[in-house]
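Taking the working numbering as reference, the numbering of the sequence shown is continuous, increasing by one, and the terminal residue is 413. Glycine included, every Cβ here is placed at the ideal spot set by N, Cα and C.
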Amino acid sequence: MKLIVDFMDNRINGFVEVPKNFYNVQSILDIPPPKGENIKLLPKIFPKEMLREEMSKDKYVPIPEEVREEMMRYRPTPLVEAIRLKKHLHLPEDVRILYKREDVSPTGSHKLNTALMQAYINSKEGIERLTTETGAGQWGSALSYACNKFEVDCTVYMVRASFGQKPYRKVLMKLFGADVVSSPSSRTEYGREIIKKDPQTSGSLGIAISEAIEDALGSDNVRYSLGSVLNSVLMHQTVIGQELKEQLKRIEVVPDALVGCIGGGSNFAGFMLPFIEEKISQNDVLDIVAVEPKACPSITRGKYEYDYGDSAEMTPMLKMYTLGHDFVPPPIHAGGLRYHGKAPIVSLLANRGIMRTVAYEQKSIFDAGVTFAKTEGIVPAPESSHAIKAAIDMAIEAMRRREKKTIVMNLSGHGLFDLKGYEDYMDGSFNRA
Ligand SMILES: Cc1ncc(COP(=O)(O)O)c(C=O)c1O
-19 MKLIVDFMDN RINGFVEVPK NFYNVQSILD IPPPKGENIK LLPKIFPKEM LREEMSKDKY
41 VPIPEEVREE MMRYRPTPLV EAIRLKKHLH LPEDVRILYK REDVSPTGSH KLNTALMQAY
101 INSKEGIERL TTETGAGQWG SALSYACNKF EVDCTVYMVR ASFGQKPYRK VLMKLFGADV
161 VSSPSSRTEY GREIIKKDPQ TSGSLGIAIS EAIEDALGSD NVRYSLGSVL NSVLMHQTVI
221 GQELKEQLKR IEVVPDALVG CIGGGSNFAG FMLPFIEEKI SQNDVLDIVA VEPKACPSIT
281 RGKYEYDYGD SAEMTPMLKM YTLGHDFVPP PIHAGGLRYH GKAPIVSLLA NRGIMRTVAY
341 EQKSIFDAGV TFAKTEGIVP APESSHAIKA AIDMAIEAMR RREKKTIVMN LSGHGLFDLK
401 GYEDYMDGSF NRA
C-alpha cells in the first residue's frame, strides 16, 4: 500500500496520543554516576525531583497532568515525509526521508518538552527563580516561556556569540518576562575573571553554565536549570521517540536509520532512546546516527572520560565524550552545538557502538538547510540542518547503491531567529569550518 505521509495526514498525526509517561532508559542501562567533590552542591543547584529522576531506575515516570496539558498545545508533533526534497534529489520510490517536526512548539524547538517539566517541578518545590544558560537562544526561550506558565522568575545567561547574532531571541525571552544577560558578564565573579583574561571572548556554553550556577548558589530560593546533558532532561525528551514509534506503527513503516543532531544530546536521545531496548535485545540493524559540527567534534575527536560540565569546574564530573571543559569552540551559527561534552547516556551508547557519529563543516550544513527550506518550506535551525545534511547524504548513498532505505530524522527546531546565519551564508561572509 502506497502511503503519502504529509503534514495534513491525520492517519498518523491525528490519532497518536501525547504519552502519559516519560521513558527512562536507565531501567535497562547502567549510566556511570557523576563523581567528585561538587556532588555535595547538587541539592543547592537542582530541585529534589530532578535529582530523584536523575537516579531513577523506573522504566516509566508519569508526566504530571498540568505539564501534559501544556504539551498538548503543540503535541503530538507531526511526522512528515520529505516528498519535495525527495523529488529534488531524484530519489527512487523506495528511498524515503521522514522527519519529526519539533519546530512546531510555541518557542520553535524540542527544548520546551523539558522546560515545561523543569519549571513545573521548581514551582511545586517553592523555588522563586531559575537561572540558566543559552547558546542558540532556543533553550532560553523555552525556559522563559515555561517559567511564565508556572510563575517562576527566570535569568538567562546567553553566550556572547549568540547574543550578537540573534537579537530577536533576546526580545522573545524578555517578552516572556526573563532577564537576559550576555555571557561572560560582570554579574558573576567567574564572568568578570573571564572578561579580564580575554575581553574579546565569544563566550561558550561552559562559561555561561558556570555563571548561571554561581548565580543560583548565591540564594536559597533560586535553582539552576539545564537544557540538555542530564539523564532527567534526556528522559523528558522521550515524548518525541514514543510518539514517533506509534506514528511509524500506524503507517506500517520500519525505519532503517534514525538521525539527529547533538549538542548536549537531548533531542537526539529523546528521539531514539525508545528504540534502544529492541535494538539491543534483538541485535537489530537499526542505524542510529548522531551528527555534530566539525568545529566542536566532542564524540568524533573527543575522549571518553570524566570531565566537568562547565568551564569553572562547579559541576560534578560526568563520564562523557569531551573536548576538555576549557575548550572554546569557534563561533559557528549552530550555537546550540557549541558544547564541549555530550550527555553520559549518549556517550555510553556511542562508546558501546550502539550508535555512530558523523561530523560536518558549517558550509555544507547551510547548503543542506537552504535546500530543505526551498523544497520543504521550513527554515531549519542550523543545529537541525546537521541532521538534514546527514539524512540527504545517506539517501544519496542508498540511491547510488540501489538499496531500499527509510531514514527518519528529528527536525529539532526552526531557524526563523537564525536569519543572520543565513544572511552571512548568502553574502559569503561566512566561516566554512
Ligand atoms: C534547535 C536545536 N537543536 C539542537 C540543539 C542541541 O541540543 P541537544 O543536543 O540537547 O538537543 C539545540 C540547542 O540549543 C537547539 O536549539
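Handout entry: Close Cβ partners of residue 64 (< 8 Å) along its chain, the five nearest in sequence each way excluded
Key = Here residue 64 refers to the residue found at position 84 of the sequence shown. These residues qualify, in order along the chain: 355, 356, 357.
Problem - Beta-carbon contacts of residue 204 that lie in its chain and below 6 Å, excluding the five residues immediately before and after - result: As a first step, residue 204 must be located in the sequence shown, where it is residue number 224. Excluding residues within five positions, the ones whose Cβ falls inside 6 Å are 25, 111, 192, 193, 196.
Handout entry: Range covered by the beta strand (DSSP E) that runs through residue 2
Key = As a first step, residue 2 must be located in the sequence shown, where it is residue number 22. Run containing residue 2: 1 to 3, per the beta strand (DSSP E) assignment.
Exercise for the section: Could you tell me if the beta carbon of residue 248 falls within a distance shorter than 7 Å of some heavy atom in ligand 1? Expected result: In the sequence shown, residue 248 corresponds to position 268, counting from 1. Yes, the beta carbon of residue 248 sits closer than 7 Å to at least one heavy atom of ligand 1.
Exercise for the section: State the Cα-Cα distance for the pair residue 370 and residue 347, rounded to the nearest angstrom. Expected result: Residue numbering aside, residue 370 sits at position 390 when the sequence shown is read from its first letter. Residue numbering aside, residue 347 sits at position 367 when the sequence shown is read from its first letter. Using only the alpha carbons, I get a separation of about 12 Å.
Exercise for the section: Please find out if some non-hydrogen atom of ligand 1 comes closer than 7 Å to the beta-carbon of residue 205. Expected result: The residue you call residue 205 lines up with position 225 of the sequence shown. No; taking the cut-off as 7 Å, the Cβ of residue 205 has no heavy atom of ligand 1 nearer than that.
Practice task
Go ahead and label residue 493 buried or exposed: buried means 16 or more other beta carbons lie within 10 angstroms of its beta carbon, across all protein chains shown.
Solution key: What the structure shows of the chain is the stretch from -19 to 413, and residue 493 is not part of that stretch, so it cannot be assessed.
Exercise for the section: Could you have a look at residue -19 and say whether DSSP puts it in helix, strand or coil? Expected result: The residue labelled residue -19 in the question sits at position 1 within the sequence shown. Per-residue confidence for residue -19 stands at a pLDDT of 35, beneath the threshold of 50, marking its modelled position as unreliable; the derived number appears in the next sentence. DSSP places residue -19 in coil when its eight states are reduced to three.
Practice task
Grab me the residues of residue 222's own chain with a C-beta within less than 7 Å of its C-beta, minus the 5 sequence neighbours each way, in chain order.
Solution key: Translated into positions along the sequence shown, residue 222 becomes position 242. Contacts found: -1, 3, 254.
Handout entry: Under 8 Å between C-beta atoms of residue 389 and residue 77
Key = Taking the sequence shown and counting its residues from 1, one reaches residue 389 at position 409. Taking the sequence shown and counting its residues from 1, one reaches residue 77 at position 97. For residue 389 and residue 77, yes; Cβs fall inside 8 Å.
Exercise for the section: Answer yes or no: do residue 148 and residue 188 have a C-beta to C-beta separation smaller than 8 Å? Expected result: As a first step, residue 148 must be located in the sequence shown, where it is residue number 168. As a first step, residue 188 must be located in the sequence shown, where it is residue number 208. No. Outside cutoff.
Exercise for the section: Please state if the CB of residue 349 and the CB of residue 395 are separated by a distance shorter than 8 Å. Expected result: For the purposes of this step, residue 395 is taken as the residue at position 415 of the sequence shown. For the purposes of this step, residue 349 is taken as the residue at position 369 of the sequence shown. Yes; because the gap between Cβ atoms is below 8 Å, this pair is in contact.
Handout entry: DSSP three-state assignment for residue 102, whether helix, strand or coil
Key = By one-based count along the sequence shown, residue 102 stands at place 122. Three-state result, residue 102: helix.
Practice task
Let me know the beta strand (DSSP E) ranges lying completely inside the stretch 225 to 279, each 3 residues or longer, listed in chain order.
Solution key: 237 to 241, 267 to 273
Exercise for the section: With DSSP collapsed to three states, give me the class of residue 32. Expected result: In the sequence shown, the residue the question calls residue 32 occupies position 52. Reduced to three states, the DSSP call for residue 32 is helix.
Practice task
Give a single yes or no on whether residue 363 has its beta carbon closer than 7 Å to a heavy atom of ligand 1.
Solution key: For this step, residue 363 is matched to residue 383 along the sequence shown. Under cutoff, so the answer is yes.
Problem - Inter-residue spacing [alpha-carbon to alpha-carbon] between residue 327 and residue 139 - result: The residue given as residue 327 occupies position 347 in the sequence shown. The residue given as residue 139 occupies position 159 in the sequence shown. So the alpha carbons of these two residues sit roughly 24 Å apart.
Handout entry: Residue burial classification, residue 242 (beta-carbon count within 10 angstroms, cutoff 16)
Key = Here residue 242 refers to the residue found at position 262 of the sequence shown. Counting Cβ neighbours within 10 Å, residue 242 comes out buried, since at least 16 surround it.
Handout entry: Beta-carbon contacts of residue 280 that lie in its chain and below 6 Å, excluding the five residues immediately before and after
Key = Position 300 of the sequence shown, counting from 1, holds the residue named residue 280. So the qualifying residues of the chain are 337, 339.
Problem - residue 240 beta carbon less than 8 Å from that of residue 353 - result: The residue given as residue 353 occupies position 373 in the sequence shown. The residue given as residue 240 occupies position 260 in the sequence shown. Contact flag unset, no.
Handout entry: Where the alpha helix (DSSP H) containing residue 351 begins and where it ends
Key = Position 371 of the sequence shown holds residue 351. That run of the alpha helix (DSSP H) goes 342 to 356.
Exercise for the section: Using the Cα positions of residue 398 and residue 302, report the straight-line distance between them to the nearest angstrom. Expected result: If you number the sequence shown from 1, residue 398 lands on position 418. If you number the sequence shown from 1, residue 302 lands on position 322. One C-alpha to the other measures close to 27 Å.
Exercise for the section: Ignoring anything shorter than 4 residues or poking outside the stretch 63 to 112, list the alpha helix (DSSP H) runs there in chain order. Expected result: 63 to 68, 92 to 104
Problem - CA-to-CA distance, residue 250 to residue 225, given in whole angstroms - result: Counting from 1 along the sequence shown, the entry for residue 225 is found at position 245. Counting from 1 along the sequence shown, the entry for residue 250 is found at position 270. Taking the straight line joining both Cα atoms gives about 12 Å.
Handout entry: residue 205, DSSP secondary structure in three states
Key = As a position in the sequence shown, residue 205 is number 225, starting the count at 1. Coil, per DSSP.
Practice task
Can you give me the start and stop residues for the alpha helix (DSSP H) that residue 309 sits inside?
Solution key: Looking up residue 309 in the sequence shown gives position 329. Element bounds for residue 309: n/a, residue is neither H nor E.
Exercise for the section: For residue 116, name the three-state secondary structure that DSSP assigns. Expected result: Residue mapping note: residue 116 aligns to position 136 of the sequence shown, counting from 1. Of the three classes helix, strand and coil, the one that applies to residue 116 here is coil, per DSSP.
Problem - Beta-carbon spacing of residue 123, residue 50 below 8 Å - result: Taking the first residue of the sequence shown as 1, we reach residue 123 at position 143. Taking the first residue of the sequence shown as 1, we reach residue 50 at position 70. Not a contact, by the Cβ cut-off of 8 Å.
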